[in-house]
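Engineer: One structure, pasted below without further comment.
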Amino acid sequence: MTHDNTNRVTPEISAYLAPRRLDEALQAMADGDATVLCGGTDLAPQTESGARQYKAKLLNIRRIDSLHGIEIKGGEIRIGAATTISDIRRSAALAEAAPVLTEAAGHFASEQIRNAASVGGNLCNASPAGDMSPPLLTLDAAVELACWRDGAMQTRRVALDQFFLGPGKTVKQPEELLTAVVFKQPAADFVGRFRKSGPRPALEISTVSVAFGARLVQGKLSSVRVAMGAVAPTPLRARHVEAALEGQPLNDAAIAAAVAATAQDAKPIDDVRASAWYRAHLVRVFVEEVLNDVRRD
Amino acid sequence: MSVETEIRFRLNGREVCLKVPATMKTLAMLRDKLGMTGTKYACGEGECGACTIKVDGKTVNSCLMYAVDCDGRELVTVEGLRAPDGLHPVQQAFVDHGAVQCGFCTPGMIVQAHYLLENNPGLTREEAQRGLEGNLCRCTGYTKVLDAVEAVAGKGACAGGKGACLGGRAPDAA
Amino acid sequence: MEKTTAASSPAKQTLIGQRIKKPDAPDKATGKTRYINDMVLPQMLFGKVLFAGRPHARIVRLDTTAAEKLPGVHAVLTGKDAAGLKFGFVRDNVALKDKVRCEHDEIAAVAAETEDIARRALELIEVEYEDLPGVFTPEAGAKEGAPLIHENFPGNKSLHFEIQHGDLAAAEAGSDLIVDNVFRPHHVTHCCMGTSCAIADFDHNGKLTIWTQTQYPYNYKMDLAPALGINPGDIRVIQPPVGGAFGSKLDVYPYEPIAALLAKKTGRPVKVMYSREEEFKASPTRQAAIIHMRTGCTRDGTLTFRAADVLLDNGAYTSWGPTIPVIMMRTVSGHYRVPVVDFKAQAIYTNNPYAGSFRGYGNVQTTYATAQQMDMLADMVDMDPLAFHLKNAQKSGEVTPQKSFLRECALTECLQTAAEASDYSRKRKEYAALREQPGRYKKGIGLASSIHNAGGAKIHKSDGIGTILKMDDYARVTVITGASEIGQGIDAVITLIVAEELGVPLEHVTIVNNDSDIAPWDVGVHASRTTFIAGNGTRRAARKAKEQILRAAEKMLGEPAQGLALRGGSVVRDRDGAALIKLDRLLRQMHFQPEPELVMVTDYYEPKSEPEGAKHISDHSAAYSHAVHIAEITVDTLTGEITVDKVTVAQDVGRVINRMGLEGQIEGGIAIGLGYALSENMRIENGMLRNPGFRDYKLITAPEMPPLDLHFIESDCAEGPYGAKGISELPTIVIAPAIANALYNATGVRIFNPPMSPETVARAIHEKRQATTQAA
């Protein structure tokens, strides 16, 4: 007895598929009646609790080689959807090119979960508190969505800040598969930071998280990206905070303006993890903290 | 009933072949289908680590892993760590250092500790604390668990790993 | 023919105070141990419980027809199957309910071939409820006209306790300073890693065998019997290894009689095991309370009185939780020398989950108040808290107003040791001076102490233990004892004592302690009593065996028994250590001689303590003990996050028995206390638990565990085994107020409603800063 609700009264799963090729997977998804399985770290608890129902087909995409790996080509970084958080955390290439992702991966759940959870799954889960979303938003990342249409594979790219619609909801169509997350290799003068709440290093659902990215040339900020988790129904770009900083020297006045602007971006709610007051307070603290941290370095 | 799938994999070095429902988790398969009760159920949602097993050299929460995905893979549970002539050095260290009280978290804790040491033989106490953050224990306050792991670190007792370091100190080549 | 020589016999080396491994650890470390959760019996059915999922309601309609018809279902039970089978302290509980009084009320239960079928059957049970207005705080429950939860408990009043000692009005008038606060300790829960589980089976003579996690096997029979309408004598309790207990398994919870009722109905063994979510919702909590406490002192720092008015959130039923005032009052009256005491506690029924006993048993909540008020008073009289504590600390031989006789009191030594080891006084001053300086991170150091029973607690008519010790022809020893093993390590203690007394190797000792048909009476693992009580029982039995063996040796060897000893598996001459005969050989000779004798002794040990009594004025424990914790923390004043950098502990342990087990109990006790202090919190809103999982109910994890500096003070308790006292609850009790006092030292903020979660601390600091700004 393990309380594995293996046979919870749900629509029956009539097929289990574990293709090795992407086109096979996309064909299996064409009718929109497939539940995608990769690491299972979100799917398992959500189906156990009844928060999510299985569809007729269970489609395991973890065995598709082309969905794994971190690739830097032509100034673009491409992380396959099935790449685990551990792979991201240990990637020397990412540590070099986008250390903010390495840092966020280090705060992600626990080692056992990091070893199983995929970056694609984390994004598709569309939790407002998803740990990978804020840093990827600051990197101007996009997701690649693929589907099988008219006998061929079709792909489209959606900017990550257009991807999330609400908790658990994205623009991805049921027949589409998220195949990769891509972003331009940040410029040499790009600085990034990630800050997540909680006294634990990890194993913590964010009460609030803040990611910051910008180019810093001679003390002046440009291409500023600020993203926040758990302050709204989706992870979001904090456009007012960004505007307060864009083109500004990184000084006390700019930091104060950025902190003040958080109120226009963060619209947190009260829930079991924190009050709206505390979330709004933490956002201010973290924005100030990451900016001071960048200034110090 | 969900469709059943036949899978084959290696469990603690032995070939296993069985049919599992598509939604069954590896933990339920181990305990209820194979009678391997060393791996424990304590939360069922990946928050406690009591069900930690090693799959293809990496630890995962078996309560979150779909049994069908075991197909073709290599599983190691706490029962598989035991050396032919007695306890594995990590298991022995847990015994010697008082890291076992009620013992319910111990199998998961030991599998995770073994994995950490395998990948970072010179593991420090701080790295062990981080590495065990996904394993809850209500009895020991972790102090003796960390003592045990520290005692094994540096002795090469979990050799056979790929030498990849955790904790971001010496990352694999991507 | 064995040869014994003087040279082969080791000199006397005591095992007392050594580091002894737990005998069951190897099997636990290899996954071989079969916990109750792992057990499967032939023909076993799976039981599942239908919970109400609403806090207060009338059951309008209940239809189990469809569930009963589902193939594979063997029995469906509802309230009418348990009607009249009341159990619990005041007989207000029943295994299956006919009215809903809390979220986890058990409405129906199913036994089926598989767990899955049982679950499907539950889904087929139709229940129609009429929700009733609920009561969710004790204040609301005590109000006139509040909805009544039990018809036969007017005013929603459950248990009441009080003691008075001395003239309160005079003491108040004679006080220069009085602190007056309301503390609101919260709901937390045990979080045993192994979830609740029971397997029940009836034989055809009507005898019930129940495999259970109880830590209290003999009273368990008495408590379970009325829930089934059978004689306690017809219950056999088997205790397989358990995944933790911490006090939660003193209670009979409804799933246990449900398993038995299902077993009775089906004639087959039935197992009920909770999921983690069910465990969170339907297992005991630590008692939540509202503690209005006042403490007074004179300007020279002498305590004058302590008064506490406690309102307990009883929850829907009366279990062990609302009995905690028995211990709360000992702390109110005995935590430092308090000449005048006034204590009242009233438990009020609410529609919240109900509490059981939990390591620390009322003292966790009380010390959170007393130890902070000590700190506040010290501040008000402008004394170093250490000096203030020392001034009011009792000495050996003092008697508290409740007649707790502090025969061996090491409080002063504990205070001095911990303060010196942590450089407390210097750091406290330094951090206090930095408190109002700018800077985001603040350091703080806090001192707290408490008193707890350390020689059992005679809350029943008996606090005793039976022990049977037998030796076989190979000098292997079996100890048959009532003392339960729940992970705490009494197995190692018993093994150590037997080896110490009989000179046999540790591996030659077997313990049988898990079957009430075999093992004799004991009052269970609680009240920090097991090392003390079972240690004494084991030692007494072993000494009886030793006497018998040495008498036989005297006859056989012609050496006087008083000059002989047992060491290294032999009978030796005490004077020079010369080995005279191997023990196994002697035992065989005893057994097979013309006048044969077996070594097979019994002992019943009842500690020299007085029954608690209705007036609560009695020396209810055979020993009392103190612990001092000094916590050093760093506070992020913006996020409110507290990092515990170090904890220094000085505890009067009487005497160290198994050093490794002792350390483990203190470390683990502190971890539970840290969770209570910082992160654990059952978010119960309108009677419904909002965070029934480890994701949002946060236990302390490995990276959060601070380094501990442990100091054991050996006061040598005359009544304790080798001088030992009970130890396991104080670590859980003292840590939270030590952190609270450190938080004050760091920030000037006090938290009266634990936990000191980041949000609570951040808000308090924020509000204090705003108030300061406004005042300026």
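Residue numbers (the numbering used here), protein chains in the order written: chain A, 46 to 342; chain B, 26 to 199; chain C, 257 to 1032.
Where is the CB? At the ideal position from N, CA and C, for every residue including glycine.
Verify the CB distance criterion: does LYS954(C) have a CB-CB separation below 9 Å to chain A?
Structural biologist: The count along the third sequence starts at 1 and reaches residue 954(C) at position 698. It does: the Cβ of LYS954(C) has a partner Cβ on chain A nearer than 9 Å.
Engineer: Just verifying my parser: in three-state terms, what is the DSSP assignment at LYS698(C)?
Structural biologist: Numbered from 1 along the third sequence, position 442 holds the residue referred to as residue 698(C). Strand, per DSSP.
Engineer: Using the three-state DSSP reduction, which class does THR451(C) fall into: helix, strand or coil?
Structural biologist: Mapped onto the third sequence, residue 451(C) falls at position 195. Coil at THR451(C), not helix or strand.
Engineer: Could you check the C-alpha separation between ASP598(C) and HIS591(C) for me, to the nearest Å?
Structural biologist: In the third sequence, counting from the first residue as 1, residue 598(C) sits at position 342. In the third sequence, counting from the first residue as 1, residue 591(C) sits at position 335. C-alpha separation (whole angstroms): 13 Å.
Engineer: Among VAL594(C), ILE583(C), TYR610(C) and SER613(C), which one has its Cα closest to the Cα of ALA601(C)?
Structural biologist: If you number the third sequence from 1, residue 601(C) lands on position 345. With distances taken between Cα atoms, ALA601(C) lies closest to ILE583(C).
Engineer: What would DSSP say about GLY188(B), mapped onto helix, strand or coil?
Structural biologist: Start at 1 with the first residue of the second sequence, and residue 188(B) comes out as number 163. Because GLY188(B) carries a pLDDT of 33, less than 50, the predicted location of this residue cannot be relied on, and the following value inherits that uncertainty. Coil.
Engineer: Of all the CB atoms in chain B, is at least one closer than 9 Å to the CB of GLY793(C)?
Structural biologist: On the third sequence, position 537 is the one that residue 793(C) refers to. Not closer than 9 Å to any Cβ of chain B, the Cβ of GLY793(C) fails to qualify, so no.
Engineer: Are there 16 or more other CB atoms within 10 angstroms of the CB of VAL765(C), so buried, or fewer, so exposed?
Structural biologist: Numbered from its first residue, the third sequence carries residue 765(C) at position 509. Burial call: buried.
Engineer: With H, G and I counted as helix, E and B as strand and the rest as coil, what does DSSP make of PHE1014(C)?
Structural biologist: Within the third sequence, numbered from 1, the residue matching residue 1014(C) stands at position 758. At residue 1014(C) the sequence reads Pro, which differs from the Phe that was named. Looking at PRO1014(C) - three-state DSSP - the assignment turns out to be helix.
Engineer: Since LEU112(B) and ALA138(B) are thought to touch, with beta carbons under 8 Å apart, how far apart are those beta carbons, to the nearest angstrom?
Structural biologist: Locating residue 112(B) in the second sequence gives position 87, where the first residue counts as 1. Locating residue 138(B) in the second sequence gives position 113, where the first residue counts as 1. With a Cβ gap of about 13 Å, LEU112(B) and ALA138(B) do not count as contacting.
Engineer: With distances taken Cα to Cα, identify the nearest neighbour of ALA289(A) among PRO280(A), LEU103(A), VAL269(A) and MET273(A).
Structural biologist: Residue numbering aside, residue 289(A) sits at position 244 when the first sequence is read from its first letter. For ALA289(A), the nearest C-alpha among the options comes from VAL269(A).
Engineer: Figure out for me which residue from GLN921(C), GLU810(C) and GLU1015(C) has the closest Cα to the Cα of VAL253(A).
Structural biologist: As a working mapping, residue 253(A) is identified with position 208 in the first sequence. The alpha carbon of VAL253(A) has as its nearest neighbour, out of GLN921(C), GLU810(C) and GLU1015(C), the alpha carbon of GLU1015(C).
Engineer: Do the segment 383-393 of chain C and the segment 316-324 of chain C meet, that is, are 3 or more Cβ pairs less than 8 Å apart?
Structural biologist: yes
Engineer: What residues in the segment 154-179 of chain B bring their beta carbon closer than 9 Å to a beta carbon of chain C?
Structural biologist: GLN154, ARG155, GLY156, LEU157, GLU158, GLY159, ASN160, LEU161, CYS162, ARG163, CYS164, THR165, GLY166, TYR167, THR168, LYS169, VAL170 and LEU171
Engineer: Have a look at the DSSP bridge pairing and note the partners of LYS277(C).
Structural biologist: The sequence position of residue 277(C) within the third sequence is 21, counting from 1. Paired residue(s): none; LYS277(C) is not in a bridge.
Engineer: Excluding the five sequence neighbours on either side, which residues of its own chain have a C-beta within less than 6 Å of the C-beta of MET257(C), listed in chain order?
Structural biologist: Here the question's residue 257(C) lines up with position 1 in the third sequence. Unreliable placement is indicated for MET257(C), whose pLDDT of 36 sits below 50; the coordinate value is still reported in the next sentence. So the list is empty, once near-sequence residues are dropped.
Engineer: Report yes or no: do three or more beta-carbon pairs, one from the segment 117-125 of chain A and one from the segment 225-237 of chain A, lie closer than 8 Å?
Structural biologist: yes
Engineer: What are the residues of the segment 58-77 of chain B that lie near chain A, defined by any Cβ-Cβ distance shorter than 7 Å?
Structural biologist: Residues passing the 7 Å Cβ filter: TYR66, GLY69, GLU70, GLY71, GLY74 and THR77.
Engineer: Could you have a look at LYS65(B) and say whether DSSP puts it in helix, strand or coil?
Structural biologist: Taking the second sequence and counting its residues from 1, one reaches residue 65(B) at position 40. DSSP places LYS65(B) in coil when its eight states are reduced to three.
Engineer: Consider the Cβ of ASN608(C): report whether some Cβ of chain B lies at a distance smaller than 9 Å.
Structural biologist: Within the third sequence, residue 608(C) is the residue found at index 352, counting from 1. Residue-level contact check: ASN608(C) does not touch chain B, since none of the beta carbons of chain B fall below 9 Å from its beta carbon.
Engineer: Judging by CA-CA distance, which residue of ILE117(A), SER155(A), TRP322(A) and THR80(A) is the nearest neighbour of CYS73(B)?
Structural biologist: By 1-based counting over the second sequence, the position of residue 73(B) is 48. Considering only alpha carbons, the answer is SER155(A).
Engineer: Three-state secondary structure (DSSP) at SER264(C)?
Structural biologist: Walking along the third sequence from the start, residue 264(C) turns up at place 8. Reliability of the predicted coordinates at SER264(C) is poor, the pLDDT of 43 falling under 50, and the value obtained from them is presented with this limitation in mind. Correct three-state label for SER264(C): helix.
Engineer: So for ILE130(A), helix, strand or coil by DSSP?
Structural biologist: Counting from 1 along the first sequence, the entry for residue 130(A) is found at position 85. In this structure, ILE130(A) counts as helix in the three-state DSSP scheme.
Engineer: Which full runs of the beta strand (DSSP E) of 3+ residues lie inside the segment 97-146 of chain A, going along the chain?
Structural biologist: 102-105, 115-118 and 121-125
Engineer: Taking buried to mean at least 16 other C-beta atoms within 10 Å of its own C-beta, is HIS876(C) buried or exposed?
Structural biologist: Here residue 876(C) corresponds to residue number 620 of the third sequence, with the count starting at 1. Classification of HIS876(C): buried, given that the 10 Å Cβ count is 16 or more.
Engineer: Grab me the residues of CYS42(B)'s own chain with a C-beta within less than 6 Å of its C-beta, minus the 5 sequence neighbours each way, in chain order.
Structural biologist: Sequence index remark: in the second sequence, residue 42(B) carries index 17 (1-based). For CYS42(B), where only same-chain residues beyond five positions count, the Cβ hits under 6 Å are ARG33.
Engineer: Compute the distance between the beta-carbons of LEU181(A) and LEU190(A), then report whether it is under 9 Å.
Structural biologist: Translated into positions along the first sequence, residue 181(A) becomes position 136. Translated into positions along the first sequence, residue 190(A) becomes position 145. It is not a contact, given that the beta carbons lie outside the stated cut-off.
Engineer: According to DSSP, is ASP348(C) helix, strand or coil?
Structural biologist: For the purposes of this step, residue 348(C) is taken as residue 92 along the third sequence, with counting starting at 1. It is coil, neither helix nor strand.
Engineer: Is it buried or exposed, LYS336(C), if we count other Cβ atoms within 10 angstroms and call 16 or more buried?
Structural biologist: For this step, residue 336(C) is matched to residue 80 along the third sequence. Label assigned to LYS336(C): exposed.
Engineer: What does the Cβ neighbour count give for THR554(C), buried or exposed, with the cut at 16 atoms within 10 Å?
Structural biologist: On the third sequence, residue 554(C) is found 298 positions in, with the first residue counted as 1. The residue is exposed, with fewer than 16 neighbouring Cβ atoms inside 10 Å.
Engineer: Who are the neighbours of SER59(A) on chain B, taking C-beta pairs under 7 Å?
Structural biologist: Working through the first sequence from its first residue, we reach residue 59(A) at position 14. Simply VAL28.
Engineer: So GLY258(A) is in the beta strand (DSSP E); what residue range does that whole segment cover?
Structural biologist: Locating residue 258(A) in the first sequence gives position 213, where the first residue counts as 1. Counting along the chain, the beta strand (DSSP E) containing GLY258(A) begins and ends at 254-262.
Engineer: According to DSSP, simplified to helix, strand and coil, what is LYS336(C)?
Structural biologist: For the purposes of this step, residue 336(C) is taken as the residue at position 80 of the third sequence. Looking at LYS336(C) - three-state DSSP - the assignment turns out to be helix.
Engineer: What runs of the alpha helix (DSSP H), each 4 residues or longer, lie entirely inside the segment 398-466 of chain C?
Structural biologist: 424-429
Engineer: Could you tell me how far apart the beta carbons of THR737(C) and ILE750(C) are, in whole angstroms, since I believe they sit closer than 8 Å?
Structural biologist: Stepping through the third sequence from its first residue, residue 737(C) is reached at position 481. Stepping through the third sequence from its first residue, residue 750(C) is reached at position 494. Their Cβ separation, rounded to whole angstroms, is 7 Å, which keeps THR737(C) and ILE750(C) in contact under 8 Å.
Engineer: Leaving out the 5 sequence neighbours to the left and right, which residues in its chain are closer than 7 Å to GLU334(A) when beta-carbon positions are compared?
Structural biologist: Here residue 334(A) is taken as the residue at index 289 of the first sequence, counted from 1. Counting only Cβ-Cβ distances below 7 Å, and skipping sequence neighbours, we find ARG240.
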